[in-house]
Amino acid sequence: ILNVEQSPQSLHVQEGDSTNFTCSFPSSNFYALHWYRWETAKSPEALFVMTLNGDEKKKGRISATLNTKEGYSYLYIKGSQPEDSATYLCAFIGGTSYGKLTFGQGTILTVHP
Amino acid sequence: NAGVTQTPKFQVLKTGQSMTLQCAQDMNHEYMSWYRQDPGMGLRLIHYSVGAGITDQGEVPNGYNVSRSTTEDFPLRLLSAAPSQTSVYFCASSYGGWGNTIYFGEGSWLTVV
Numbered sequence: 118i119l120n121v122e123q124s125p126q127s128l129h130v131q132e133g134d135s136t137n138f139t140c141s142f143p144s145s146n147f148y149a150l151h152w153y154r155w156e157t158a159k160s161p162e163a164l165f166v167m168t169l170n171g172d173e174k175k176k177g178r179i180s181a182t183l184n185t186k187e188g189y190s191y192l193y194i195k196g197s198q199p200e201d202s203a204t205y206l207c208a209f210i211g212g213t214s215y216g217k218l219t220f221g222q223g224t225i226l227t228v229h230p
Numbered sequence: 041n042a043g044v045t046q047t048p049k050f051q052v053l054k055t056g057q058s059m060t061l062q063c064a065q066d067m068n069h070e071y072m073s074w075y076r077q078d079p080g081m082g083l084r085l086i087h088y089s090v091g092a093g094i095t096d097q098g099e100v101p102n103g104y105n106v107s108r109s110t111t112e113d114f115p116l117r118l119l120s121a122a123p124s125q126t127s128v129y130f131c132a133s134s135y136g137g138w139g140n141t142i143y144f145g146e147g148s149w150l151t152v153v
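Structure (structure tokens):
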């Protein structure tokens, strides 16, 4: 079983704050890393699929970076809004596209107005 | 475009009963999978399929069966429900492998009493 860890487990910020959290994964045999945003009672929503070391991806106020050599990815949210409140999940795939997806336990973000 | 559709959304079962969670996708995705989500544990892979007629076990397969007779459908069967199977179940699909965007259903909340 692969070890995919997310930190912190939960985070409370004020509206307008910028924040970031971490996904750590095995540094060997990397294939891809996914980031998802998940609101309770809804489907997880895909944010990014990252495949190359040094990748930086951006979607509005949310961005992510990837370091496959050291086995981590950061997710950044600039100017947090209450609607950003959700659980943010990362998922790691090792080997090939046929490999199994291993999820971290998630970071629960609460943005207070 | 319906995406990934799961039914039922909520179900209460008695210990020992059997039931099937249905999952269908209309995107012609070869890859489909079932996850369960438990507090503090992220999403854990139960079973997955890389095409019609092909299934394999994930991290927590015990107590569950799957089949994939068509590209569209991937039902998950609970053979004899146990309280430990109380969870939220998610079906997911992807085109061309797990390194591409993965689409999730809205989840099925199952309680076993």
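Here the protein sequences come in this chain order: C and H. If you're matching positions, the first sequence starts at 118 in this note's numbering and goes up one per residue. If you're matching positions, the second sequence starts at 41 in this note's numbering and goes up one per residue. A virtual CB, placed ideally from N, CA and C, is assigned to each residue, including glycine. Source: prediction; values computed, not measured.
Counting Cβ pairs closer than 8 Å, one from the stretch 181 to 194 of chain C and one from the stretch 129 to 142 of chain C, do we hit at least three?
yes
Give the DSSP-derived three-state secondary structure of Q222/C in the structure shown.
Residue state, collapsed to three classes: coil.
Taking 9 Å as the CB-CB limit, is G145/H close to chain A?
Chain labels in this structure do not include chain A; the protein chains are C and H.
Could you tell me the distance, in whole angstroms, from the CA atom of T204/C to the CA atom of Y104/H?
Here the alpha carbon of T204/C sits roughly 27 Å from the alpha carbon of Y104/H.
Cα-Cα separation between A132/H and H229/C, rounded to whole angstroms:
31 Å
Go ahead and pull the three-state DSSP assignment for S145/C.
coil
Report the residues of the stretch 94 to 112 of chain H with a CB closer than 9 Å to any CB of chain C, ordered along the chain.
D96, G98 and E99
DSSP on Q125/H, reduced to helix/strand/coil?
helix
Relative to chain C, which residues along the stretch 58 to 80 of chain H have a C-beta separation below 8 Å, given in chain order?
S73, Y75 and G80
Among D96/H, V152/H and T60/H, nearest to H87/H - alpha-carbon criterion:
D96/H
Could you name the residues of the same chain whose beta carbon sits closer than 6 Å to that of W152/C, not counting the 5 residues immediately before and after it, in chain order?
L164, F165, A181, L192 and C207
Using 9 Å as the limit for Cβ to Cβ distance, is F142/C near chain H?
Not an interface residue.
Assigned secondary structure, D172/C (DSSP; H/G/I helix, E/B strand, else coil):
If DSSP states are grouped into helix, strand and coil, D172/C belongs with coil.
First and last residue of the uninterrupted beta strand (DSSP E) at S127/C
S127 to Q131
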